[in-house]
Every structure is written in structure tokens, then in C-alpha cells.
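J.: If you're matching positions, the sequence shown starts at 1 in UniProt numbering and goes up one per residue.
Every residue gets a Cβ at the ideal spot worked out from N, C-alpha and C, and that includes glycine.
As the structure is a prediction and not an experimental result, all values here were calculated from the model.
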Amino acid sequence: MDLRTGKFTAPRKGVYFFSFTGLLEFPSSSSFVYLGVLLYLNGERIGRGLVDAVNTVAGQNGPLTLQSTLNLKSGDEVWVEIDAISSRVELFDDDYHYTHFTGFLLEEEIVASL
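#1: Just the Cα atoms here: how many angstroms apart are N61 and L91?
#2: Per DSSP, S81 is paired with what?
#3: Taking T99 as part of the beta strand (DSSP E), name the residues at either end of that continuous run.
#4: Got a sec? Which residues, its chain only, sit under 6 Å from Y40 by beta carbon, not counting five neighbours each side?
#5: Would DSSP call residue 130 helix, strand or coil?
#6: Assuming contact is defined by CB atoms lying nearer than 8 Å, are L35 and L64 in contact in what I supplied?
#7: Compute the distance between the beta-carbons of Y16 and F101, then report whether it is under 8 Å.
#8: So, R48 versus V37, is the Cβ gap smaller than 8 Å?
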């Protein structure tokens, strides 16, 4: 994982699981507010998560989750980006780490290395 770019690069071929979990903080609003994220694989959109609400109160929170299991080759890149966000909606985090992106190798393909 490159912490500077937020991109994960697969070190070896196999099946990987990824999970993004975020906590949204909404403003006081009588209109439609939202935040959406996209999951990318090598620059291609492969998944989306979206949370929206109407008639929110200041400080109202909402969870956002996105998971995917992917067959990756060595060198494939995976990342998450915010693609849509209403004014004053925030992706919240603090010392409790409500917002995170994780991934792990479920099954390595070892046939090529034998």
C-alpha cells in the first residue's frame, strides 16, 4: 500500500478481499445530501457505494461501506475515491478510526511459481 497515493499494488497473483468503511457527517439540511465513493481496479470503475439523506440535522452520521473480492495479477492497482459529494457533507474520522480501507490476500495462486 502506497500511503502517499492511497493505492494498493498486488504483490502476487491471487484472490484478494477489499473493504472500505466510512462514517459520513451530514449538515443540517432540508434538501437531498449525499456522498459516493468508487472502487477502482487499474483505473477502471468496478464498484460504488453511496449514502444519501434528506431532512438531516447538524452532526447526523451515516455509515458507508463497500466490499469486493477480486482476482488480481501481480502489479494490479486497487484504490477508492470520492466521486460525488454534497456541500458540507464530510467523510469523518478521528482517533477511533471510523473511516478505513483494508484488504488482504485470501488465496495465492502458486501454480505459476512451481
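T.: Looking at the coordinates:
#1: What you label residue 61 is simply residue 61 of the sequence shown in a count that begins at 1. What you label residue 91 is simply residue 91 of the sequence shown in a count that begins at 1. Their Cα atoms are separated by approximately 10 Å.
#2: For the purposes of this step, residue 81 is taken as the residue at position 81 of the sequence shown. What sits at residue 81 in the sequence shown is Glu, not Ser. E81 has L38 as its beta-bridge partners, per DSSP.
#3: By one-based count along the sequence shown, residue 99 stands at place 99. T99 -> no beta strand (DSSP E), and no H or E assigned at all.
#4: As a working mapping, residue 40 is identified with position 40 in the sequence shown. Sequence-distant Cβ neighbours of Y40 in its own chain, meaning closer than 6 Å and more than five residues away, are W79.
#5: This structure does not reach residue 130, given that the chain is present from 1 up to 114, and the question cannot be answered.
#6: Counting from one through the sequence shown, the residue named residue 35 turns up at place 35. Counting from one through the sequence shown, the residue named residue 64 turns up at place 64. Yes; because the gap between Cβ atoms is below 8 Å, this pair is in contact.
#7: If you number the sequence shown from 1, residue 16 lands on position 16. If you number the sequence shown from 1, residue 101 lands on position 101. Not a contact, by the Cβ cut-off of 8 Å.
#8: Along the sequence shown, one-based indexing puts residue 48 at 48. Along the sequence shown, one-based indexing puts residue 37 at 37. Their beta carbons are under 8 Å apart, which means R48 touches V37 by this criterion.
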